Amino acid sequence: MYRFLLTPRWWGINAFVALAIPFCIFMGTWQLGRFEDRVDTHQAAERRPDAANQGAAPLDDLLPVDKDTSGRHAMASGRYGKQFLVPGRELDGERGSYVLTLLRTDGGKALPVVRGWLPTGAKAPAAPVGEVTVTGALQASETQSSDGVRTAGGLPSGQLGMISAASLVNLVPDDVYDGWITLSTAPEGMRPVPAAAPQGSGLDLKAFQNLGYTLEWFAFAGFVLFMWFRFVRREAEAAKDEALGLDPA
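Per the working numbering, residue 496 is the first one in the sequence shown, and the count goes up by one each step.
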């Protein structure tokens with residue numbers, strides 16, 4: 496009754512099932528591993544001392560920015576130079592702009608400093624003149640996936656869509672640090688921009704997407720196996736009916 500399993504058509508079906516099920520299990524296991532990695536990273540971030548409560552350190556001692564140094568208070572000295580607005584940024588449910596001023600440090604490189612946040616339409620105050628020392632929370636350069644980033648272009652002169660060395664390198668003559676700081680205390684007329692948690696350090700939507708994909712891949716494996724048994728059973732019943740002389744119609 497099951498000799499049909501040795502026909503060329505069923506050899507193809509069996510080969511597909513034999514490959515599909517391990518592939519689905521492998522992909523589901525891989526997605527589960529990604530979810531577990533995010534959980535471990537989140538737990539490690541919770542055990543790590545609060546970056547805001549650690550003492551300020553020289554900027555160069557905290558570079559490059561990673562999950563351990565992101566949020567740490569960094570100190571840098573220099574003179575303020577060119578200033579930009581970063582529009583479309585929300586703070587406490589209001590839309591406005593970050594005021595980003597480049598600090599030309601004593602080492603000759605430019606450090607992007609977010610001095611504060613302004614509501615839409617407000618005028619940004621001028622930066623202090625002369626040598627200054629700033630202290631703020633260190634942040635990694637933004638990417639296209641960062642919240643509030645605008646990559647479509649079309650911004651007027653003096654505005655930026657993304658805070659990163661890549662977006663500033665063609666706008667200023669100096670080399671730009673791959674990172675930026677946000678001041679803990681904003682000048683009068685502005686509000687301080689809180690430091691953001693490092694990307695990938697929390698149980699965000701992407702983490703639960705990995706978990707959802709895990710369930711989907713395991714469900715696909717179960718579905719393939721279920722359909723194979725169903726087709727085998729239907730074919731076996733048809734072969735049995737034929738052997739008994741019953742009309743398949």
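Built from N, CA and C at the ideal position, the CB exists for glycine as well.
All values derive from a computational prediction rather than experimental measurement.
For residue i, the nearest candidate out of the options (CA to CA)
i, options, result
"GLY576", "ARG590, LEU633, ARG610 and ASP563", "ARG610"
"PHE511", "LEU739, ALA716 and GLU732", "ALA716"
"ALA571", "PRO607, TRP723 and ALA617", "PRO607"
"GLY603", "LYS735, ALA702, VAL671 and PHE518", "VAL671"
"PRO623", "PRO682, PRO582, GLY649 and SER662", "PRO682"
"GLN639", "GLU626, SER659 and THR680", "SER659"
"THR524", "PRO689, ALA714 and THR646", "ALA714"
"GLY684", "ILE676, ALA617 and TRP505", "ALA617"
Pair within 8 angstroms by beta-carbon distance, residue i and residue j
i, j, result
"ILE516", "LEU720", "yes"
"GLY591", "THR615", "yes"
"ARG567", "ARG599", "no"
"GLN526", "ASN665", "no"
"ALA734", "PHE499", "yes"
"LEU650", "GLY656", "yes"
"ALA621", "VAL667", "no"
"ALA702", "PHE518", "no"
"ARG686", "LEU597", "no"
Own chain, CB closer than 7 angstroms to residue i, minus 5 neighbours either side, in chain order
i, result
"GLY674", "LEU558, VAL560, LEU633, GLN634, ALA635 and SER636"
"ALA619", "GLN578, LEU580, VAL594 and LEU613"
"GLU589", "PRO614"
"ASP669", "ARG599, GLY603, LYS604 and ALA605"
Beta-carbon proximity list for residue i, same chain, < 6 angstroms, skipping 5 on both sides
i, result
"THR630", "ALA551, HIS568 and MET570"
"LEU554", "ALA569 and ALA571"
Cβ shell of residue i (< 8 angstroms), same chain only, five flanking positions each side left out
i, result
"ALA661", "SER636"
"SER679", "HIS568, THR630, GLY631, ALA632 and PRO687"
Where residue i falls, given that 16 or more other Cβ within 10 Å makes a residue buried
i, result
"TRP712", "buried"
"THR502", "exposed"
"LEU663", "buried"
"LEU514", "exposed"
"LEU710", "exposed"
Which runs of the alpha helix (DSSP H) fall wholly inside the stretch 645–732 and span at least 4 residues, in chain order?
-> If we require 4 residues or more, the alpha helix (DSSP H) runs fully inside the stretch 645–732 come out as 660–663.
Inside the stretch 550–618 only - beta strand (DSSP E) runs reaching at least 3 residues | 568–586, 589–600 and 605–614, all fully within the stretch 550–618.
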